[in-house]
Structures are given as structure tokens and as C-alpha cells.
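Mind the numbering: the sequence shown is residues -30 to -1, 1 to 1179 in mature numbering (1 follows the signal peptide of the UniProt record, and there is no 0), read in order.
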Amino acid sequence: MLQLKIMMKKMSISTSKTSLVLFLCQIISALDVPLDLSQPPTITQQSPKDYIVDPRENIVIQCEAKGKPPPSFSWTRNGTHFDIDKDAQVTMKPNSGTLVINIMNGGKAEAYEGVYQCTARNERGAAISNNIVVRPSRSPLWTKEKLEPNHVREGDSLVLHCRPPVGLPPPIIFWMDNAFQRLPQSERVSQGLNGDLYFSNVQPEDTREDYICYARFNHTQTIQQKQPISVKVFSMDSLNDTIAANLSDTDIFGAKPVTERQPVLLTPTGSTSTKVELRGNVLLLECIAAGLPTPVIRWIKEGGELPANRTFFENFKKTLKIIDVSEADSGNYKCIARNALGSVHHVISVTVKAAPYWITAPRNLVLSPGEDGTLICRANGNPKPSISWLANGVPIAIAPEDPSRKVDGDTIIFSHVQERSSAVYQCNASNEYGYLLANAFVNVLAEPPRILTPANKLYQVIADSPALLDCAYFGSPKPEIEWFKGVKGSILRGNEYVFHDNGTLEIPVAQKNNAGTYTCVARNKLGKIQNEVQLEIKDPTMIIKQPEYKVIQRYGQVSFECIIKHDSTLLPTVTWLKDNDELPDDERFLVGKDNLTIMNVTDKDDGTYTCIVNTTLDSVSASAVLTVVAAPPTPAIIYARPNPPFDLELTGQLERSIDLSWLPGDENNSPITSFVIEFEDALHEPGVWRYQTEVPGSQTTAQLKLSPYVNYSFRVIAVNRIGRSQPSEPSEQYLTKSASPDENPANVQGIGSEPDNLVITWEPLKGFQSNGPGLQYKVSWRQKDVDDEWTSVIVANVSKYIVSGTPTFVPYEVKVQALNDLGYAPEPSEVIGHSGEDLPMVAPGNVQVHVINSTLAKVHWDPVPLKSVRGHLQGYKVYYWKVQSLSRRSRRHVEKKILTFRGNKTFGMLPGLEPYSSYKLNVRVVNGKGEGPASPDKVFKTPEGVPSSPSFLKITNPTLDSLTLEWGSPTHPNGVLTSYTLKFQPINNTHELGPLVEIRIPANESSLILKNLNYSTRYKFYFNAQTSVGSGSQITEEAVTIMDEGKISGILRPAVGAGKAMASRQVDIATQGWFIGLMCAVALLILILLIVCFIRRNKGGKYPVKEKEDAHADPEIQPMKEDDGTFGEYSDAEDHKPLKKGSRTPSDRTVKKEDSDDSLVDYGEGVNGQFNEDGSFIGQYSGKKEKEPAEGNESSEAPSPVNAMNSFV
């Protein structure tokens, strides 16, 4: 196979630009040939031209094609045939041309570096792929070097060099510290495009020992770091011996206090430099300056302006970035660095070259025998590319002759073709910066018409909206399409309809009378076929009673109405919003069928409420404001909308202005805040009132601007807090003179509806904007950067124009100018539009999956070339699905999951994966037309995780010393089970847990008999499963061994529930250990109390009578211990002290009379006398105390305190 001609020139061009944004394979069909018909091969998917692979993974070189019969595939490597059968490491996928080179089983990626080309061949021709340059990525290690500390004077400039290892592709550079924190950057300190760190001037805070340059190699997902760089900043004020020891005499004696310095460029050097960039790439220009104060950078383009929409400033304006550069961006760019002491500048001469790009790519050609046709291949570039043709992969000069074929430069002309003329032609456009390759087949077929649109397809549209009825077709020769209304109606013609090349019938403004059956007829010389479709016209949805402005008192109730009218066949849904958000989740908000009610209104309910009505075909909405007031208005004052203004008068009439005055009506207790002025144009829109202006409520005159050719009437509406008044009576009419238009249509857009057209739309001028009779529009367009001359057409009474025969998705400059009988409007501004989008051609390449853990993975892919998107890049979609669980080895149907990543993102996270499972995924690029082809399915596996808990744990067959455990395996093993762990411990009568016993059980067991247990004992069991990753969650149960073989039924009875047993104990309480212990404790306490009583009795009998009498002589001075609530105690050291107060004695040393008297009345003297233990009278302990009469005639007697033994009895 002859290798494609590639002319490349060695130049120093930024690596980020080396990816030439070219078509990988231009496949555009005027008619798509159904796959059941014979057709030459078409390459549908291939790897990128510059294919950098991970040397650790298998190399997959993609080549997919379609054709009839299915094509066979072959490959060349470095220009010679590549025999895959002779290399055991290389296989080709079945029914595919994709090569898989096995690197993971011993192959070396470096051995397969080279240029590959795929050929897909069948009996009707051969298609070839691009030259795919396969190179393994490289991430070499940093060379070891000894870095000396940088000693810098404060205010000096400094450059820290990174000098990363040369990798493939080049690494991304960033600076961090030892803590892996990004070093802060500013106007003073920033990183250059070469990765070096530049200091315009150093400050003391720049002193640190951990300036570390990191290089991230994205392809191999590795990060390498340079040795840390030390920077020490000194000044004469802070110079110390340690720093001085490392400085030279010149440094020390030449050091001066920090002085300001004028700017000096650190990069680029010199006064001028040059830069070459490729069309469509990003132009990056950089200027970094030293100086103190820190210089400010400014950029200008000499002799021109920077493109406003494509220019960005980065790195604190030190970097000028222009995206999507073209030849017009060539020129001299000047950067100016300035501070208070002066300025310095540098001029960069930029030349924009261009790799080839398509003007007209060849399209597949379907011809019938005897027909004529042409293949056109036109490309542009700088320098101009050369065009060469191949037939079935062979240069056309040495290809087999075809008498029907004639080559004329960039065109091949076919005349009177025959079936043997079918072939695939390749057009190669090359210059020194790259090449384009397009396959286009000539397929000679004789095929009667087919209609591909389903029969009796139903279309539903809203009245006054466009209706599009499809009639997709195929045939050879190309069929003619005709549309009829009804089955036997007349052919449709006229301005009421638009007929598209793809067979679609468009009714721009569908009315009720357009409903019915439409018949599409496709005919060529071999036959005729027809298809019927149905069109239904639905009534639009309307809100016939809209919600109104409400003022409600706080805590009141308010309702908003939203009554709708809709087509009876459409089901509407009504949604209410508050301030364009969902209603609060509050039961006070009640949504009815046609209203919203708010109960118990609060201040937070203040706001705008919107009613939205949706059907499957349309949507309408209406809003109203709710104002919550603090209190109801005073009954005597009634607040209302103002009365309408009156007595309108027009004065000061001029061609373009007039004065309007009026008298305000009654404001009805709410001051007028503004006046709204509206106008009617009786000439163009009689009966329609439009907003003119609004003036403050204190003003009753206004000067109004006028437009030519309008018959004006004015009216005024007053506004206060409550609402708007009724409009005033209209003023007298005033007709202005005609003039040429002042303005052009707004909202001009150029958006293609099909791959080969450009639909130019605009917002028509209103009648009062026409300024005169005969309003028309001049529509102009030209292909951007290709056409110099404008193509124009003048139209009237329309708001769009369709340009046919355009290339797919190319930029156009569009403008629309208004004109009337008196002249043109001012020159309109140009807008950039694009011709129609087509489905993306190329699938994302190099899809890689990095499994992070058992439930999360990260997917990477290479972005597709922007030109292969053939539309606006909207993002990428990742489809992924579970193939099977590795633990169960069973397959089941699983719905595919889809994640969408907006924009030109090249990675995404896949959450919610199942552990220990096999997954597949593919990636597709999305544009406004739809999704492109899917990348080859990528298989990845998630590692094992921890299992779920066992499905059940059942404890049965209790005996005196054993229990039987049965369990079920985990519902989700999440891996290979290695074992089970059983832990158990006894529970005593006080519910305390005993020692824990642990047992490991093989994974294949499902039951276990535990022996040598204690009888009549409750046990708690903990049971879980393990994989090699770890232990899963545990399940717990409790059970009891029996006390007697005859009491099994009373100890363990089944519980209501699957797989569990509830343990219950029914035993004699007198035999329980806790009860025996309690009785022993009570007996011990009684014994102790008896001993205490015995001791007190002995000591009480030894009180001397004299001491008792002495104590009795003056009971007032006997101390009483108040803070002790214990039993009275006695010691030898305190014989003369009274007994301590008992625990039942009140805090005021008294007891109730009924309590004390009743307890001693049988012993003689009541409260005034007591007997001691030996029978002697001890009345002195009564503590009797005389009290002064209360209130003059009443007295009270304090009851005697009670001794310790009284408090005990």
C-alpha cells in the first residue's frame, strides 16, 4: 500500500499546538445508502493521527468501516504490509479492523512504534485511514543535581529554573512547597510558560527552603519533583554573620538600602522576537519584567486592535492569549512594562500559517448507470496545499483506467458511468504543516425509490407555529419528491409551503385548515412510491384569568386564580412558583385546580407568584405580586387605585418629538408614584397600545420621541402602591413624515437547520419602525475567511432566509439591513453564524479507566478534534453498564447508565459501582445535532469490597451445654468469602457481659454446634463474614442454654420472624443467684444494726447522774449539730455532749406534736419526760424552751427533739 504524502517542516512550535484540528475522515453523503444495498467501504472510526499510548497497557489501534458486502481489513506499518499472523502479540478484533497489541503479557510498546494505515476493502472499492503515528508516552526521571541556595538582596529580581525532563507529551508544570500547597502567585511572583518561577523583585517573605517544581505527566498519571530550592533574602538592615559568611565582598560592600528600579524584561530578552502559530490554534505571548515597584504589563497590536471576543489576559496580564487565530491575526504585538520610574517594551512579530482546511470536501456520490457526476476537493492553507487523488488507495495516475473518469485538478468528472465505475476515491490535501485525507465513494446503483419515514406518522403542532413533515428517501437515480394534501389531492405549491432538499415539507405558519393527511411521493425512472403522514393542529394553551396583584394583612388568607383554556386533547399541568423558585414546603400553601391559596400569611410570603401551564406542545405563564402589610388600614380611609388622568394635550409638534401634558386624577389616599405613557399607531397597528415611556408621579408633562411614518395617539396611566389606574382617554392623533429606516432588525442569527444549509433569521421591524412605505430587508452573507464578496438578496414580509448548498458547520458572516422607498437604514453590524451541524464523525480516543476503589472509578479520554465535531461541542457522554458479578459468575440484563460531562472535559468520575464486578463503558462526543460514534467498549473490573451482613442467623436445639447456629451467606458478598467470624459472650443476671470468645469458621460452612457452654446461661452472639479486603457488618442474636432437659420448651420458643429464635427464661426465683445474694445482704445489714443497738445500750447505761443534772441545768447552751442527718454516735471524748440529732429530725429541731407525743405517751410524761435505757428519768433531753407569746395572746410550745434511737424506731 502506498503511503500518503506528508510534507512536514521542522519548526519550533508550541507542543499544545501540534494537534492539528483536521478532519480525520470526511464522510458526507448527499444520500445515505441503506446498508442492505451494495456499497463501497466507508471508514467510520479510526485512531487519531498522532496516537500517544500508555506503554503499560495494550495498544488498541482503531479501524472500523461499513459496506456491503462487509469489508475485509489489512494494515501497513511504516509503508510495508503488516502481517499480523506472524506476530503472536497482535490480534485483530472479529468483524473489525481494530488491532490489539498485547503489551500486558510481555510485549514492549517501544517495539511497535511506527506509522500505521488501515485499508477496508470489498468488491466495490477500498477505503483507507489516515497515517496513524503510534508513539508510547514517556515520563523520564529528573536528572540529579546539586542546587546551591539562592542568596538575594531585597528588591532584586530572581528566576528559579525548573528545567523539567523532556516527556511525551510534555508535562504540566506547577510549583508547590513541602506541604504540597501551591505557592501563591501575584503580579510580583508568577510562573512563566516555560515553567520557571519569576520574581520581579524579592521581599523578605520570599525566604524559604522548599521551592519545589513538579512535573505532571498526564498520560502515565505520574508526578515527579525537582530537588527543593532554597531562597534567602537579605538586606543591609537584617544582615547577620551567617548570611554574610556566604556572600562575597562585592555583595556585602555593594549592598545598599532597597531602592526603586525601573523595569527590565526577564523574558523575552532583547527588543524583538518572532513567533509562528498555526491557524485555529491558541496564540500565547508572554512578557515578564523585573523592577521595583512591580511593573504593570500592557499589550497592544501595532497598526490594529486586539480581537475583542478572542483575546484573554492571563498570569496577571503577563500572558496574552488569542484563541482560534487566523491569518488576520498576523502582525506585531508589543508588550509594555511600566512602573513609576519608567518603562520598557518588546515587540513580537507573529506569523500565522495554516495547515490545510476544507473549503469543499468530496462527498459520496450515488449515480445510476449512464448518469454524470463530479467529485470536488477544495482546500485552503498557508502555504496553499497541493491536491492529489487516489483511487481505492492507489495514486490515480497508476490506478486501473476508467473511461468514465476524468481528473481536472481538484475535480474528478464522471460521464456515463457504469456499475464497474464504483470505487472509493481519496483526496489528499498537504502542505508543510499537515494534511487532510477524505474518502468519498462513487456507487453506481439502479434502485427504485424508497421512503424511509414510517408510514402514517402523526405530527402535532400548535396553531400559528411551524409544522415540519418528514419524507426521508433514497433511490438511484435520485428521486423527485412531491407533496399532496390528502390521498388524491392536488400537488402543493406556493409561498405557503417550503420544500427542503431532504424531502421535508415545512408549513411556516400552520393553521387549523392545514390539518389532515399529507402524501409524499418519491419517483424516479425505475418506479414510484408514496407515504402518508397525519398532521393535527392543536389550539394554543391560554390563561384566561390571570393572577392579580394582592395586598393582604399579616396572618390573613389570600388566593391567586389561574384559570386556563386548552386543547381538549392535551393534558395540561399547572405549576406554581414563588420568586421563580419552588413553593416553600409549607402546609399553609394549598394548590387547587385553578388557584393557589396561602393561609395565615406572614411577611416571608411577600413576593412574586407565577402560574406556569405546560402541555406536551406548548407552555404559558402569568405572574402577580403579593404585598403583606402589618395592619389593616384605618376603617375611615379607603386605599384604591388612582383615577385615570384627563385633559391630555399635545404641543410643540416637531418631526421627531412632541410635548404631552395632562391632569392627574384622584390618587385615592395612595400617592401616585409614576405615570405610564402608551401610544397607538393607527396607521400600522390600530387598536394596539404600546409602551412609550414612564415619568415620576410628580410630573404632568413629558417630551416624547417620535418615529417617522407613524399616526400617533397617546394615553396616560397613573400608578400608585395599590396598582394602575384605567387608561385616560386618547389624545388627538399626530401623523409624522416618512424617512429612511433608523434601525435594522434585531436578533440576527445564522443557524443551519440541515448540514448543507444556513438559516438566517431576524426579528422584523414593527410597522412604526419602518419609517416609511415599502419596508424590505437586504440579507447578506459570506463564508468567513473564505469569501471576500458578500452575497445579497432583498426580501419582504419574511423573517428568515435559507441559504442552501453550504459546507457543514462552517462560520459565516451575516448581516440584515432594512430599507424602504426612501432609502436604506445605517450599515448593519455583522454577526457570526454557522451552517448546519451534522453528527460528530469521530469517537473519543484513548479511553482509560482508573479504578479508585470498589465503588468508584475515574474515566479519561482524549478530546476529539474540534473540526470532527461538525457542530457546537456540548460535551461528552459516558455510557457504562455492569456486565456480570465476578463472585456469582452470572449475567443479567442491566440498563446502561449515562453520565454527561459538559464542555471540553476529558475526564469524569463513575460513582455507585458494585464491588467485584465487571463493567463496560464507552464515550461519545455530543453536539447540537446529537451524539457521535461510540468509542470501543472499555472493560474494567472493580476490586473486592467488604461483604454485607449474613442474610440470617438462627439459633436452635438448645441443650444443657450446647447451641446449634445456622446462617445464610451475605446477600451481597462483594468478593470471594474467605471465612466467617463468630464472637460470643455470656450475660449474667445483672446484664453484664462476660469474656468474649472468637471463632473463625470456613466460608463453605453454614452451621455450627457450640459445645461446653454453661447451663441455664444467656449468650450474646456476633456474626459476620470476611473477604480478603476485610470484615463486613455483623448480625447479632441472643439465646439461652437450658437448665433442665425437660424445660426446653419453656426456655427457647420461636419468634415471629424469618430465621430468628427469641430466647425466654422461666426459672424458680428462689434458686437464682441474684436473689440469694440479695437475701444475704439484707441479713448482714440487720446483724450490723443489732450490733449498733447493743453498743448504744451499753454506753447509755453509764451516763453519770450528776452530768445529766448539770446538762439539765441549762439546756439552752447545749450545742446541737445541725448538719448531720446520720444516726447519733457517741465517743469518750464527747461524754458531755448531747446525742446527735437523728435523720428524721426536721431542720428546725422540731417534730410534729402528733408524731412525738403519740410515740411516747405510753411511757409516762408525754413530751416532757422520757426514760433512759436503765429506767432513770432524763427529762433534760426534752429541750423544752419557753417562747414569747406570738401576736400578744398566743403561745406555742416547741416539741422536744428526738434522739438517735427515736429516729431509728
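No residue lacks a Cβ here, since even glycine has one placed at the ideal position from N, Cα and C.
Requested in this report: Using DSSP bridges, identify the partner residues of A96.
Outcome: To locate residue 96, count along the sequence shown from 1; it is residue 126. In DSSP, A96 forms a bridge with R91.
Query raised in the report: Run through DSSP, which three-state label would R186 get?
Result: Reading the sequence shown from its first residue, position 216 is the one you call residue 186. If DSSP states are grouped into helix, strand and coil, R186 belongs with the strands.
Query raised in the report: In whole angstroms, what is the alpha-carbon distance linking P18 and S435?
Result: Indexing the sequence shown from 1 puts residue 18 at position 48. Indexing the sequence shown from 1 puts residue 435 at position 465. The alpha-carbon atoms of P18 and S435 are separated by roughly 44 Å.
**Report entry** Inter-residue CB distance, R94 and Q9 (contact presumed, cutoff 8 Å)
**Finding:** Indexing the sequence shown from 1 puts residue 94 at position 124. Indexing the sequence shown from 1 puts residue 9 at position 39. Yes, R94 and Q9 are in contact; Cβ-Cβ is about 6 Å, under 8 Å.
Query raised in the report: What residue from D126, V172 and R108 has the CA that sits closest to P141's CA?
Result: In the sequence shown, counting from the first residue as 1, residue 141 sits at position 171. For P141, the nearest C-alpha among the options comes from R108.
Requested in this report: With a threshold of 16 other CB atoms inside 10 Å of the CB of W1044, please say whether the residue is buried or exposed.
Outcome: Your numbering for residue 1044 matches position 1074 in the sequence shown. Answer is exposed; the Cβ neighbour count stays below 16.
**Report entry** When V756, P943, W751 and S774 are compared against I764, the one with the closest alpha-carbon
**Finding:** On the sequence shown, residue 764 is found 794 positions in, with the first residue counted as 1. For the residues V756, P943, W751 and S774, the minimum Cα distance to I764 belongs to W751.
Query raised in the report: Run through DSSP, which three-state label would L952 get?
Result: As a first step, residue 952 must be located in the sequence shown, where it is residue number 982. Strand.
Query raised in the report: If we ignore side chains and look at the alpha-carbon of each, how far apart do S1126 and T987 end up?
Result: Taking the sequence shown and counting its residues from 1, one reaches residue 1126 at position 1156. Taking the sequence shown and counting its residues from 1, one reaches residue 987 at position 1017. With a pLDDT of 38 at S1126, under the threshold of 50, the modelled position of this residue cannot be trusted, and the question is left open.
Query raised in the report: So, are the CB atoms of L282 and K291 less than 8 Å apart?
Result: As a position in the sequence shown, residue 282 is number 312, starting the count at 1. As a position in the sequence shown, residue 291 is number 321, starting the count at 1. At residue 282 the sequence reads Phe, which differs from the Leu that was named. Yes; because the gap between Cβ atoms is below 8 Å, this pair is in contact.
Query raised in the report: From L869 to D588, what does the alpha carbon distance come to, in whole angstroms?
Result: Reading the sequence shown from its first residue, position 899 is the one you call residue 869. Reading the sequence shown from its first residue, position 618 is the one you call residue 588. Computed Cα separation, rounded: 28 Å.
Report task. Below 8 Å on the Cβ atoms is my guess for A90 versus V23; work out the distance and round it to an integer in Å. Result -> On the sequence shown, position 120 is the one that residue 90 refers to. On the sequence shown, position 53 is the one that residue 23 refers to. With a Cβ gap of about 22 Å, A90 and V23 do not count as contacting.
Query - Cβ neighbour criterion (16 or more within 10 Å) applied to F1064 - result: Taking the sequence shown and counting its residues from 1, one reaches residue 1064 at position 1094. Counting of Cβ neighbours within 10 angstroms places F1064 among the exposed residues, the total staying below 16.
Query raised in the report: When you compare only the Cα positions, how much space is there between G915 and N944?
Result: For the purposes of this step, residue 915 is taken as residue 945 along the sequence shown, with counting starting at 1. For the purposes of this step, residue 944 is taken as residue 974 along the sequence shown, with counting starting at 1. Cα to Cα, G915 sits roughly 5 Å from N944.
Query raised in the report: Roughly how many angstroms lie between the CA atoms of G900 and L653, to the nearest whole one?
Result: Start at 1 with the first residue of the sequence shown, and residue 900 comes out as number 930. Start at 1 with the first residue of the sequence shown, and residue 653 comes out as number 683. Counting only the Cα atoms, L653 lies some 47 Å from G900.
Query raised in the report: Quick one, are the C-beta atoms of L856 and S888 less than 8 Å apart?
Result: Within the sequence shown, numbered from 1, the residue matching residue 856 stands at position 886. Within the sequence shown, numbered from 1, the residue matching residue 888 stands at position 918. The answer is yes: Cβ separation under 8 Å.
Requested in this report: Please check the pair P666 and S644, which I expect to be a contact at CB under 8 Å, by giving their CB distance rounded to whole angstroms.
Outcome: Walking along the sequence shown from the start, residue 666 turns up at place 696. Walking along the sequence shown from the start, residue 644 turns up at place 674. That pair is a contact at about 6 Å.
Query - Proximity to N28 [Cα-Cα], best of I54, P40, Q59 and L5 - result: One-based indexing of the sequence shown puts residue 28 at position 58. When only C-alpha atoms are compared, the closest one is Q59.
Query raised in the report: What does L117 pair with, by DSSP beta-bridge criteria?
Result: Start at 1 with the first residue of the sequence shown, and residue 117 comes out as number 147. Beta-bridge pairing links L117 to no other residue.
Requested in this report: Could you round the C-beta distance between V203 and Y168 to whole angstroms and report it? I think they count as a contact, below 8 Å.
Outcome: Here residue 203 refers to the residue found at position 233 when the sequence shown is read from its first residue. Here residue 168 refers to the residue found at position 198 when the sequence shown is read from its first residue. Cβ-Cβ separation between V203 and Y168: approximately 15 Å, too far for a contact (criterion under 8 Å).
Query raised in the report: Exposed or buried, what is A688 when buried is set at 16 or more other beta-carbons lying within 10 Å of its beta-carbon?
Result: On the sequence shown, residue 688 is found 718 positions in, with the first residue counted as 1. With 16 or more other Cβ atoms within 10 Å, it is buried.
Report task. Can you tell me which of R375, D440, G67 and P917 puts its alpha carbon nearest to the alpha carbon of P424? Result -> Taking the sequence shown and counting its residues from 1, the one referred to as residue 424 is at position 454. For P424, the nearest C-alpha among the options comes from D440.
Query raised in the report: Does the Cβ-Cβ distance between S932 and L966 come in under 8 Å?
Result: Residue numbering aside, residue 932 sits at position 962 when the sequence shown is read from its first letter. Residue numbering aside, residue 966 sits at position 996 when the sequence shown is read from its first letter. No; because the gap between Cβ atoms is not below 8 Å, this pair is not in contact.
Requested in this report: Measure how close the beta-carbons of Y704 and L620 come, nearest whole angstrom, since I'm counting them as under 8 Å.
Outcome: To locate residue 704, count along the sequence shown from 1; it is residue 734. To locate residue 620, count along the sequence shown from 1; it is residue 650. Going by Cβ atoms, the distance from Y704 to L620 rounds to 6 Å, so yes, they are a contact pair.
Query - D378 to E797 span [Cα, whole Å] - result: By one-based count along the sequence shown, residue 378 stands at place 408. By one-based count along the sequence shown, residue 797 stands at place 827. Each residue's alpha carbon lies about 41 Å from the other.
Requested in this report: Give every residue of the same chain whose Cβ lies closer than 6 Å to the Cβ of P11, excluding the five residues on either side of it in the sequence, and list them in chain order.
Outcome: Residue mapping note: residue 11 aligns to position 41 of the sequence shown, counting from 1. Here the set comprises A35, G37, P41, A90, N92 and A97.
Query raised in the report: For K354, does the count of other Cβ atoms within 10 angstroms reach 16, so buried, or fall short, so exposed?
Result: In the sequence shown, counting from the first residue as 1, residue 354 sits at position 384. The residue in question, K354, is exposed, as its Cβ has fewer than 16 Cβ neighbours within 10 Å.
**Report entry** Which of helix, strand or coil DSSP assigns to K837
**Finding:** Taking the sequence shown and counting its residues from 1, the one referred to as residue 837 is at position 867. Three-state result, K837: helix.
Query raised in the report: Rounded C-beta distance between G473 and I507? I'm assuming under 8 Å.
Result: Here residue 473 refers to the residue found at position 503 of the sequence shown. Here residue 507 refers to the residue found at position 537 of the sequence shown. 22 Å between Cβ atoms; not a contact.
Report task. Go ahead and label I13 buried or exposed: buried means 16 or more other beta carbons lie within 10 angstroms of its beta carbon, across all protein chains shown. Result -> By one-based count along the sequence shown, residue 13 stands at place 43. It is buried - the Cβ of I13 has at least 16 other Cβ atoms within 10 Å.
Query raised in the report: Which residues in the same chain have their Cβ closer than 6 Å to the Cβ of K515, if we skip the five residues on either side of it in sequence?
Result: Walking along the sequence shown from the start, residue 515 turns up at place 545. Sequence-distant Cβ neighbours of K515 in its own chain, meaning closer than 6 Å and more than five residues away, are E531 and I533.
Report task. With R752 as the anchor, note down where its beta strand (DSSP E) starts and where it stops. Result -> If you number the sequence shown from 1, residue 752 lands on position 782. Residues Q746 to Q753.
Query raised in the report: What residues in its chain sit with their C-beta under 6 Å from that of F187, if we drop five residues either side in the sequence?
Result: Position 217 of the sequence shown, counted from the start, is the residue given in the question as residue 187. The beta carbon of F187 lies closer than 6 Å to those of S109, G137 and P141 in the same chain, with the five residues before and after it left out.
Query raised in the report: Where L153 and Q753 are concerned, what is the direct C-alpha to C-alpha distance, given to the nearest angstrom?
Result: For the purposes of this step, residue 153 is taken as the residue at position 183 of the sequence shown. For the purposes of this step, residue 753 is taken as the residue at position 783 of the sequence shown. Spanning the two alpha carbons is a distance of roughly 47 Å.
Report task. Assign G481 to buried or exposed, taking buried as 16 or more other Cβ atoms, counted over all protein chains shown, within 10 Å of its Cβ. Result -> Indexing the sequence shown from 1 puts residue 481 at position 511. In the sequence under discussion, the amino acid at residue 481 is Gln, which differs from the Gly named in the question. So Q481 counts as exposed.
Requested in this report: Identify which residue in I477, P198, I568 and E637 has its Cα closest to the Cα of A433.
Outcome: The residue labelled residue 433 in the question sits at position 463 within the sequence shown. Among I477, P198, I568 and E637, the Cα nearest to that of A433 belongs to I477.
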